[in-house]
Every structure is written in structure tokens, then in C-alpha cells.
Amino acid sequence: MKTIELAKKYHDYVIKMRREFHKNPEASMQEYNTCKKIKEELEKIGVEYKGIAGTGVIATIKGSQPGKCIALRGDIDALAVIEETGKEYSSKVDGLMHACGHDTHAAMLLGAVKVLKDMKDEIHGTVKFFFQPGEEVGKGAKKMVEEGALEGVDSIMGIHIASMLPVGTINAEAGARMAAADKFKITITGKGGHGSAPHQCIDPVVVGAATIMNLQSIVSRELSPLKPAVVTVGSINSGTRFNVIAPNAVLEGTVRYYEPDYYKTISEAIERIAKFTAETYRATAVVEYENAVKPTINDENCATLAQETAAKIVGKENVVMVGPETGGEDFSEFSSIVPGVMTKLGAGNPQKGACYPHHHGKFEVDEDAFVYGVAYYSQYALDYLNKN
Ligand code: NI
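Everything in the sequence shown is counted per this note's numbering, starting at 9 for the first residue and increasing by one.
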């Protein structure tokens, strides 16, 4: 297949780009040099592009034949992780590392630009390449959408490299993939005083304890047992001394789920439980609740096509199913507006040290996966445009 042949032809280029990005990681929404490098490469390749969302870039290739518009997305930001791989292309920036593989996404997407530029005459429509900033903070995709990235786009496809899947496999499945991630903060106000005289006080620690216990009934008693959700209180802060009753307490937590309407259901339940539990004990509670990322739900038709394309690249037996994850992914900002599919590209290989989880200081990938990734981006765009 031509996309695989071309992906092989550009393999060394993609490795070089990946290592370049890997050596120079940048924090979310501050990917200034990465963005500059991407623009320089696009300039060299000779395709149309524009900056977006501060440090993002969209490149466009219009095919020789009319048709729809597909966007291919790769995120580009790094993480506050100290690199421990010992590789010669290790991070040169203290405390920052491409520990989630977004360097590989940027490099593979550049590879796909090269492949599809060569195949321009075979493209029925338009391909847009989304080099997205700020995925790790859930801000980049939102900002790109606000600035009109999806105007004229009919569908979107994304790849995430995966060190926990063997190199040579691809995952693309319909339905819930990554969870929504919400954040909440409950501020309980009581009345402080002496620990020996609780009757003169309203103890916010007791209210906080009761609130945490009552929140446990949301998942167990209010939500369907067939639709998973997580409500976690991750921190509780109150008090200064063993014999002082504090005036207030602050609880903070996260919520994960796949059902889009759970945003409303769970935020209302937390509000209600916090407020009435506080009232039971004569205290008051104020709840702040915000959504960081929506759930990533793969469109049925896109997922079917993504499996068919994957089978052409790695063989049907290597198209694997892994089920949903409770991590978040802001690809959902795009795929909640246009039909889309988020896929995973296997890059695990213990013999090459690619056996550590994402966000680990020893995170590494098997670079052989890039041939499949570049071919997959390219072939999916061609297949989508041919079919629609
Ligand atoms: Ni990631």
C-alpha cells in the first residue's frame, strides 16, 4: 500500500523530528519553540498553514478532487516529569519531559503531511492537520474550537501512542473511550472555638466527615450500576491544632464518567448532599464544580472505518480491543461537535525499554511504531474521504 511505502520512506525523518521534540519539551500552552519548529517544517514541505490557540498550528492540504474535510489531530505538549530514560535524546529541560508521547504525535503528524502531500492527486476533499497545544491541562482543544478550528470540518480522527500495547497493534473501538474529568471544591463554614466546648461551636470537621461519607452514596445509590462513575475526595483541609475547633473545612475532589448527562446528575447531587449535610449540623456549604474535559465517545461509523483502515496497516489480527479508561482526553472537545474517533497506536516493546506506563520518568516507545502511525493517519484520511 502506498501510504505504508511512503511512511517507510519518511521513517528516518519522523524519528529525527520526534527526538528533536523529545529533547526540547515545553509545558502546556507554552509550546513556543515546538510550534515554531512545526511551522518551519510545514514551510519546508510546502503546505498551507496557520497558527491557532497561541501555540497550535493547523496545516491544510486540499486534494485535487472535491469532497469533504477530515481533520487529523496530534497534541504537542510535555509534562512536569523528571526524565530517567538515560537516552541520548533525553530532555534538556529540567523537570519537563515528553512522558506521554505527544512528541511522537507531532512527529507522526508531520510525517502524514509529507505522505499526503505526495498523494495530493488521490485526495477527494481536504485534510486538516491539527497540531494541538495544551492537552495535559484540558485547555488546547477548547481554545482551538473557540477560534474556529472546526469550521468546515466534517469529521476528526486522533491517534494516541500507547506504551502498554505491543508495537504493531492498533486500537479503535466505538463508544466510550476516555472519561470526563470534573473537579469540585466544597467549602464548609461552621463556628470555631475551644475543643473542650463543642456545644459553643459548629464543628466543620464533623460536617466534612459526614459529607464525605454521604457523597459515597451517589455512585452506589443514584447512578445506574451499568454506567460507571467515580467520585473521589482527594483532599480535606481544616484546623490548626488538636484542641481548637476550626471555623471552616475545605474538601476537594474529582469526578469521572462516560455518560455526558452525568455532568448535570452528579454536580447536582454533590451540591444537594453538601448543602443539606451542612444544614443538618447547622453549618453551611458552598460548592464550586467545574468540568475539565468531556467524555471521549467514539462515533460508531468512524470507529468501524478506523478498524477497517487499521486492518490494512497492521493486519486484522492486530486490531485489538481494550475497553474504556478512566483517564481524560480533551479530544472530546472536537468529537463532541463533529463525529470522530480517538485511536491508540501500540508502541510497547520490553526489549527496547518501552514497557513503562505513560507519565513515568522512564516512559519510552518503540520508534518502529511510527511507520504504522504515519500510514494510519494518512490512510484513514484517504479512506474517510473516499467513503463520504
Ligand atoms: Ni497523552
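Beta carbons are placed, not taken as given, at the ideal position from N, Cα and C, and that holds for glycine.
- Comparing alpha-carbon positions, the option among Ser36, Asn309, His367 and Glu316 lying closest to isoleucine 164 turns out to be Asn309.
- For glutamine 208, the secondary structure class from DSSP, reduced to helix, strand or coil, is helix.
- For glutamate 375 against lysine 150, the beta-carbon gap comes to about 31 Å, at or over 8 Å, which does not count as contact.
- Our two residues, phenylalanine 138 and threonine 312, have alpha carbons roughly 22 Å apart in a direct line.
- With fewer than 16 neighbouring CB atoms inside 10 Å of its own CB, serine 228 falls in the exposed class.
- In the structure shown, the three-state DSSP call for arginine 290 is coil.
- Contact check for valine 346 and aspartate 162: beta-carbon distance about 6 Å, within the 8 Å limit, so the pair qualifies.
- Contact annotation, asparagine 222 with valine 330: C-beta distance approximately 34 Å; criterion of less than 8 Å not satisfied.
- A straight line joining the alpha-carbon of alanine 377 with that of lysine 24 spans about 14 Å.
- For histidine 367, the secondary structure class from DSSP, reduced to helix, strand or coil, is coil.
- Residue side-chain check: histidine 110 places its Cβ nearer than 7 Å to a non-hydrogen atom of ligand 1.
- Between ligand 1 and the CB of glutamate 91, the shortest heavy atom gap is not smaller than 7 Å.
- For leucine 118, the uninterrupted alpha helix (DSSP H) run begins and ends at 110 to 126, by DSSP.
- DSSP places aspartate 190 within a strand segment (E or B) once states are collapsed to three.
- Within the same chain, and ignoring the five residues on either side of valine 145 in sequence, the residues whose Cβ sits closer than 6 Å to its Cβ are Ser36.
- Between ligand 1 and histidine 19, a heavy atom-to-CB distance of less than 7 Å is absent.
- Taking the Cβ of histidine 168 as the reference point, at least one heavy atom of ligand 1 falls within a distance shorter than 7 Å.
- Within the same chain, His110, His113, Gln140 and Glu143 come within 6 Å of aspartate 83 by CB-CB distance, once the 5 residues on both sides are set aside.
- Taking a 10 Å sphere around the C-beta of phenylalanine 192, we find 16 or more other C-beta atoms and assign the residue as buried.
- Between isoleucine 281 and the set Cys363, Leu87, Ile196 and Ala355, the nearest pair of CA atoms involves Ile196.
- The region 289 to 304 makes contact with the region 203 to 213, as at least three CB pairs between them are under 8 Å.
- Nearest in C-alpha terms to asparagine 326, of all of Ala314, Thr334, Pro332 and Gly335, is Ala314.
- Rounded to whole angstroms, the separation of the alpha carbons of glycine 201 and phenylalanine 284 is 23 Å.
- Rounded to the nearest whole angstrom, the CA to CA distance from leucine 117 to histidine 168 is 11 Å.
- With respect to the 8 Å criterion, glycine 354 and glycine 176 are classified as neighbours on the basis of their beta carbons.
- Secondary structure remark: continuous alpha helix (DSSP H) runs of at least 4 residues inside the region 192 to 257, in chain order: 212 to 225.
- The way I'd put it, the region 63 to 77 doesn't touch the region 98 to 107; fewer than three beta-carbon pairs between them come closer than 8 Å.
- In this structure, glycine 148 sits near aspartate 338, with a CB-CB distance shorter than 8 Å.
- For the pair valine 373 and lysine 352, the Cα-to-Cα distance works out to about 13 Å.
- Isoleucine 278 and isoleucine 226 have their C-alpha atoms some 8 Å from each other.
- For glutamate 298, the shortest separation between its Cβ and any heavy atom of ligand 1 does not lie below 7 Å.
- Beta-bridge partners of valine 330 (DSSP): none assigned.
- By the 16-neighbour rule on beta-carbons within 10 angstroms, arginine 249 is exposed.
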